Structure formats: C-alpha cells, structure tokens
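Trainee: First residue of the sequence shown: 1, per full-length UniProt numbering; consecutive thereafter. Quick one: structure below, then a few questions.
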Amino acid sequence: MLIQELLPVIRFDELRSSSTYAGADSCAVCLYEFDGEAEIRRLTNCRHIFHRSCLDRWMQHDQRTCPLCRTPLIPDELQDSFNERFWAAAAIIPDSSFFSSEYHSLSPT
1 MLIQELLPVI RFDELRSSST YAGADSCAVC LYEFDGEAEI RRLTNCRHIF
51 HRSCLDRWMQ HDQRTCPLCR TPLIPDELQD SFNERFWAAA AIIPDSSFFS
101 SEYHSLSPT
C-alpha cells in the first residue's frame, strides 16, 4: 500500500523518550495501552498515534483519514507525490492481444 509507505513505523519507547511525545498511552482503535516495544504509526498531520497493525487494518478498508479526527492521513506536502505514485501504480496496461492481427483481420460486415 502506498499510504503505508509514507507513514513511518517507530517503537513506542522511542516516541515516549522524544520531546514531541504528547502523552497518549493507548490506541484509540483497539483501546489497548502501548507498551515500550509496540510498533506504532504517528500521523504527521494530526500527531495521533496508533498500533501499526490497527492503523494498517484501518487503511485496508480504504480509510484515508485519521480514525480519531478525520484529518487526511497523507500530509499536504506529500499529496502530489502520493497522487503521482498512485496513478502510476493504477495505470491500466492494455492487453497486447487486442492489437494482434487476429482481431483486425476480420472483414467488415
């Protein structure tokens, strides 16, 4: 998934020891407390944190906003890059058999 590539995974104890830790002690999706070894994703737009597996499951259901505040998961400064990668990955490559002479050798009726 492209969005998952843009949202880094860190351990909770790394975040807790940083100066930017806001004090959330539990995941709003599953309601379990974070432990030091827990892999989490921190959303850059709203700074909410979730267990990696909880947020990944959320995104698998085509959710593109924070489960708490509905802020877009992708920061504005990365949106253009994401759109380019998304459309490149979603590009439909025509079936080469369409261009084979078999289809074009039919006489008009």
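Cβ coordinates follow ideal geometry from the N, Cα and C atoms, glycine included. The model shown is predicted, which means the values in this text are computed figures rather than measured ones.
1) How is I3 classed by DSSP in three states: helix, strand or coil?
2) In terms of DSSP beta bridges, what is E37 paired with?
3) May I have the straight-line CA-CA distance separating C46 from E37, to the nearest angstrom?
4) L55 and R41 look like a contact to me (Cβ under 8 Å); what is the Cβ gap, rounded to whole Å?
5) Mapping DSSP to helix, strand and coil, what is S53?
6) Note down, in chain order, each residue of its chain lying with its Cβ closer than 6 Å to the Cβ of I49, except the 5 sequence neighbours on either side.
7) Which partner residues of V9 appear in the DSSP bridge assignment?
8) With a CB to CB cut of under 8 Å and the five nearest residues on each side skipped, what residues in its chain are close to S26?
Mentor: The structure says:
1) In this structure, I3 counts as helix in the three-state DSSP scheme.
2) The partner list for E37 (beta bridge, DSSP) is empty, contrary to what the question assumes.
3) Looking at the backbone, the Cα of C46 and that of E37 are separated by about 23 Å.
4) At roughly 5 Å, the Cβ-Cβ gap stays under 8 Å, so L55 and R41 are in contact.
5) DSSP places S53 in helix when its eight states are reduced to three.
6) Excluding residues within five positions, the ones whose Cβ falls inside 6 Å are A24, I40 and R42.
7) According to DSSP, which records beta bridges pairwise, V9 is partnered with R41.
8) Only Y32, E33 and F34 meet the Cβ criterion.
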